[in-house]
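In our numbering, the protein residues as written are 521 to 1073.
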Amino acid sequence: MAGLARSVAAAILLLSMTTFGFAANKVIIILDASGSMWAQIDGKPKLEIARESLRSVLQSVPADDEIGFMAYGHREKGSCDDIQLIVPPQAGSASAISAAADSLKFLGKTPLTAAVKQAAEALKYTEDKATVVLITDGLETCGGDPCALGKELEASGIDFTADVVGFGLTADEGKQIACLADNTGGKYIQASDEKALQEALVETVAAPAPAPAPEPAPAPAPEPAKPEFNFMPTAVLAEGGDPVTDGNAWEVYKAKSDGTRGDNVTTEYGAYKANLEPGDYVIVARDGEAKVEQKVKIEAGQVAKPVFTLNAGTLIIHPRPSAGADVVDGAAVVIDYPGADNPATYYGTTKIVLPAGDEKVTVTIGQGVASESIPLAAGKTVEKDIIVGVGHIVANAYYTAGGDKADGSGIGFKVFKAKKKIDGTREEVTYAYGPDSKFDLPPDDYVLIATVELAEVEQPFTVKAGESQDVKVAMNAGVLAITAAPGASKIEIFETKKDINGNRKSIGYNYDAKFQTTLPAGDYAIVADTSENGSKEGTATVKAGERVEVTVK
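Set out below in structure tokens:
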């Protein structure tokens, strides 16, 4: 764990030293504060590692650099607009940034593209040199395109750079955001590779200052031209196919004596050319979920041009609730592909390279599930709609039919299968809270139980595939506001009718001198308890769609 924390700190320090330089600069650090940062690595939440790394690295930043701090996903769940510039760029901001990071709540989504755009604008990137450092443990979840944004900022900025730290991301995940750095001339660093980061620090930060240039010597006789690169690999989906130049990744390892992977040399993305030291290597070529491993020998004075055949195809899935309906962006697309250790999960329209074979695709929209087995040949593209077959329901509660909609707290909806089981109970399907609760359900007969505080009503409804409907539940209820004498410690509401033993049924209570709640229309008895004067009783009649106020003294 300490090693990983140092790795993250080293990554941020590398970015700050290489992109910030040694002159005063304006920089905004963006921290991913989404809910996924609660995930643990070796028993310690990622968010704690990030906080400690920030605190450590900021102590090494030049005092005159103007550093700002932005976060996203720290105030609201499910919001793509939850982006905030907490500390504007300013000199001496280290303690303010550390304090801000320590106070963040990690709970929202990952609008990283919009955050980088806002940070660039805050730095006036079209007028001045600007640098943004993004630290993220997840991918874009709000529909942004980080690759396109990188090209836009590079084209319109004076001297804009985005450096990206992928905190705990896999190589496949990293390539989806590395383009943001690549397209702006920045660096992408995997925070989980401590050794590579340390080597980069030695080379770029800790290298000794160059000695004074000696007097020029007579120009030597020209040597024969050497090749610019000695390693020029190509990846193809199928034998004889066109080279893959976008979306692929290369992992380069030194080969051990037994031919297996040794130390990692580098990980690169897209079209790749390099100069490697002569020797034996193990190269892993990846694209999407497909990969192939191959041994390569680099010999002095020769150029190696190996071809890596992934034996893969491209699958494009459009998840729809019904035929002809729009794609549901939140639909879960789970693909169990040949050779997978675990199925891969995507959301909304999915385009992915997969090993050739039968791909088992399962799409979930709400409570609806549809599965298909799709054959995919190497080098081919298959594009397919998967229809889940659900209807869309929007549920609301009203105090009376045609009256005011209940839109406060204490509103809930539970959906049950209408058909009862042999023991007389119903199977609960799903639930939601608040007004305008939404459900995607397979065709069937259901019962909706709507609750508004102490009022509860059961209403049947039927779902048809591809249809949308509003389920409006008339609660036949009103609001009762009770005020007791000062000093009252509890207010309790009872039915007025007593049972055979002379007891009244308790409807609800509150430990205070005031109590407001929603109740079904009817007559009620009210008891207010005080420590000095004992219990005081009163009555109230609640009318549907109306508010009644009573005082119990």
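Glycine residues also receive a C-beta, built at the ideal position from the N, C-alpha and C atoms.
inquiry  = Assuming Pro863 is part of the alpha helix (DSSP H), what are its boundary residues?
reply    = One-based indexing of the sequence shown puts residue 863 at position 343. Note, Pro863: premise wrong, no alpha helix (DSSP H); not H, not E.
ask   = So, is Gln560 buried or exposed, given that buried needs 16 or more other C-beta atoms within 10 angstroms?
value = For the purposes of this step, residue 560 is identified with residue 40 of the sequence shown, where counting begins at 1. Flag for Gln560 reads exposed.
inquiry  = Assuming contact is defined by CB atoms lying nearer than 8 Å, are Leu757 and Leu830 in contact in what I supplied?
reply    = One-based indexing of the sequence shown puts residue 757 at position 237. One-based indexing of the sequence shown puts residue 830 at position 310. Less than 8 Å separates the beta-carbon of Leu757 from that of Leu830.
message = Which of the three DSSP states is assigned to Gly588 in this structure?
response = As a first step, residue 588 must be located in the sequence shown, where it is residue number 68. It is a strand residue.
task = Tell me, to the nearest whole angstrom, how far the beta carbon of Lys900 is from that of Gly833; I am working on the premise that it is less than 8 Å.
result = The residue given as residue 900 occupies position 380 in the sequence shown. The residue given as residue 833 occupies position 313 in the sequence shown. Rounded, the Cβ-Cβ distance is 5 Å, consistent with contact.
ask   = Any idea if Val883 is buried or exposed, counting beta-carbon neighbours within 10 angstroms, 16 or more meaning buried?
value = Start at 1 with the first residue of the sequence shown, and residue 883 comes out as number 363. Result: buried.
query = Taking Cβ positions, are Leu968 and Leu1039 nearer each other than 8 Å?
reply = Here residue 968 corresponds to residue number 448 of the sequence shown, with the count starting at 1. Here residue 1039 corresponds to residue number 519 of the sequence shown, with the count starting at 1. No.
request  = Quick one: using the 10 Å Cβ neighbour count with 16 as the cut-off for buried, is Asn1053 buried or exposed?
outcome  = Here residue 1053 refers to the residue found at position 533 of the sequence shown. Exposed, since its Cβ has fewer than 16 Cβ neighbours within 10 Å.
ask   = Which partner residues does Ile548 have in the DSSP bridge list?
value = Looking up residue 548 in the sequence shown gives position 28. Its beta-bridge partners are Gly588 and Val652.
query = Where in the region 605-681 do unbroken runs of the alpha helix (DSSP H), each at least 4 residues long, occur, reported from the N-terminal end onward?
reply = Residue ranges of uninterrupted alpha helix (DSSP H) with 4 or more members, entirely inside the region 605-681 and ordered along the chain, are 614-623, 632-642 and 666-676.
query = Hey, quick one: how far does the alpha helix (DSSP H) through Leu567 stretch, first residue to last?
reply = Mapped onto the sequence shown, residue 567 falls at position 47. For Leu567, the enclosing alpha helix (DSSP H) stretches over residues Lys566 to Leu578.
inquiry  = Contact defined as beta carbons within less than 8 Å: I believe His594 pairs with Leu624. What is the distance between those atoms, to the nearest angstrom?
reply    = For the purposes of this step, residue 594 is identified with residue 74 of the sequence shown, where counting begins at 1. For the purposes of this step, residue 624 is identified with residue 104 of the sequence shown, where counting begins at 1. Between His594 and Leu624 the beta-carbon gap is near 4 Å, inside 8 Å, which marks them as a contact.
query = With 16 other CB atoms within 10 Å as the buried threshold, where does Val1062 fall?
reply = Numbered from 1 along the sequence shown, position 542 holds the residue referred to as residue 1062. Buried, by the Cβ-count rule.
query = Is the distance from the Cβ of Gly705 to the Cβ of Thr656 below 8 Å?
reply = The sequence position of residue 705 within the sequence shown is 185, counting from 1. The sequence position of residue 656 within the sequence shown is 136, counting from 1. Contact: no.
query = Can you name the start and end residues of the beta strand (DSSP E) that Tyr958 belongs to?
reply = Within the sequence shown, residue 958 is the residue found at index 438, counting from 1. The residue asked about is misnamed: residue 958 is Lys in this sequence, not Tyr. Bounds of the beta strand (DSSP E) holding Lys958 are Ser957 to Leu961.
inquiry  = Could you give the first and the last residue of the continuous beta strand (DSSP E) run that contains Leu968?
reply    = Position 448 of the sequence shown holds residue 968. It spans Asp964 to Val972 - the beta strand (DSSP E) in which Leu968 sits, taken as one unbroken run.
inquiry  = Quick check on DSSP: helix, strand or coil for Leu700?
reply    = For the purposes of this step, residue 700 is taken as residue 180 along the sequence shown, with counting starting at 1. In the structure shown, Leu700 sits in a helix (DSSP, three-state: H, G or I).
message = Are the CB atoms of Ile548 and Ala620 within a distance shorter than 8 Å?
response = The residue given as residue 620 occupies position 100 in the sequence shown. The residue given as residue 548 occupies position 28 in the sequence shown. No; because the gap between Cβ atoms is not below 8 Å, this pair is not in contact.
query = Which residue's Cα is closest to the Cα of Tyr951: Lys940, Asp964, Phe933 and Thr945?
reply = For the purposes of this step, residue 951 is identified with residue 431 of the sequence shown, where counting begins at 1. The option with the nearest alpha carbon to Tyr951 is Phe933.
ask   = What three-state label does DSSP hand Ser893 in the structure shown?
value = In the sequence shown, counting from the first residue as 1, residue 893 sits at position 373. Under the three-state reduction of DSSP output, Ser893 falls in the strand class.
inquiry  = When you compare the CB positions of Gly799 and Asp766, do they come within less than 8 Å of one another, or not?
reply    = Here the question's residue 799 lines up with position 279 in the sequence shown. Here the question's residue 766 lines up with position 246 in the sequence shown. No.
query = Starting from Phe981 and walking both ways along the beta strand (DSSP E), at which residues does that stretch end?
reply = If you number the sequence shown from 1, residue 981 lands on position 461. Looking at the DSSP string, the run of the beta strand (DSSP E) that includes Phe981 is Ala975 to Val983.
query = Where does Asp692 sit, in a helix, a strand or coil, going by DSSP?
reply = Reading the sequence shown from its first residue, position 172 is the one you call residue 692. In this structure, Asp692 counts as helix in the three-state DSSP scheme.
inquiry  = Quick test of the definition: if touching needs 3 or more C-beta pairs under 8 Å, does the region 910-921 touch the region 861-879?
reply    = The answer is no - the region 861-879 does not touch the region 910-921, with fewer than three Cβ pairs under 8 Å.
request  = Between the Cα of Pro863 and those of Ile942, Ala810 and Pro963, spot the shortest distance and give me the residue it belongs to.
outcome  = As a first step, residue 863 must be located in the sequence shown, where it is residue number 343. Looking from the CA of Pro863, the closest CA among Ile942, Ala810 and Pro963 belongs to Ala810.
key: Residue closest to Leu574, alpha-carbon to alpha-carbon, out of Asp584, Asp562, Gly588 and Gly563   = The sequence position of residue 574 within the sequence shown is 54, counting from 1. Of the candidates Asp584, Asp562, Gly588 and Gly563, the one whose C-alpha sits nearest the C-alpha of Leu574 is Gly588.
Segment contact flag, the region 631-645 with the region 659-669, C-beta cutoff 8 Å, min 3 pairs = Segments in contact, yes.
ask   = Residue range of the beta strand (DSSP E) that Pro826 falls in?
value = Residue numbering aside, residue 826 sits at position 306 when the sequence shown is read from its first letter. From DSSP, Pro826 is part of no beta strand (DSSP E); its letter is neither H nor E.
key: Gly555 in three-state terms, based on DSSP   = Here residue 555 refers to the residue found at position 35 of the sequence shown. In this structure, Gly555 counts as helix in the three-state DSSP scheme.
inquiry  = Tell me which residue opens and which closes the beta strand (DSSP E) that Asn1074 is part of.
reply    = Limits of the chain in this structure are 521 at one end and 1073 at the other, which puts residue 1074 out of reach.
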